Structures are given as C-alpha cells and as structure tokens.
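Numbering (the numbering used here), first residue to last: 332 to 425.
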C-alpha cells in the first residue's frame, strides 16, 4: 500500500510543479502531494506496527534503519518541492 501511496504522492508533486510552470492554479495538487506523502508515512508506520505485533524482529532490524533515513529524506524533498511554487510566487510578488 505504501508504494501506491508514494507513487501517487510523486505524481501529484510533479503535477503541482507542472501546473505552476503552466501558470494554472496549483494549490489543489500541492495539497494532494503533501497529503499523499503523509498517507505514505502512515502506511509505513502501519507496516512496522504489524511487524512488531508478530514479533518479526529480523524484518525490523533489516528494514527500519535504512527506511528511517529514506523516509526523512523523501519527506523533506516532498515538502520542499510541493511548497516551492508557493515560495516562488511570494518572491515574485515582492
């Protein structure tokens, strides 16, 4: 599930950037990109929670350390890319 939500978040982010570049209203796409990023993080947390419930310590020790770094990085990139049009718009108005 997290893969699907992550792909939707990436697509929404690119739609956001495209709509800004095309001069169209991009705010719905920005909200969708950020929302699907949050849903992806929730899905990842649910996956880890399931592993804890079934006591799959091997999966936790193998995946979680690398996943933590990747999720932090990808979330920061998602936030920056999704709010970039908003910041550029504010900058151009000054």
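Glycine included, every Cβ here is placed at the ideal spot set by N, Cα and C. Since the structure is predicted, the reported quantities are computational estimates derived from the model, not experimental observations.
Taking one beta carbon from each stretch, the stretch 407-421 and the stretch 335-354 have 3 or more pairs nearer than 8 Å; the two touch.
Three or more Cβ pairs closer than 8 Å define a contact, and the stretch 398-407 meets that threshold against the stretch 371-381.
The Cβ atoms of residue 361 and residue 417 sit closer than 9 Å to each other.
Here residue 384 carries a helix assignment [DSSP, helix/strand/coil].
The alpha-carbon separation between residue 365 and residue 386 amounts to approximately 32 Å.
By the beta-carbon neighbour count (other beta carbons within 10 angstroms, threshold 16), residue 377 is exposed.
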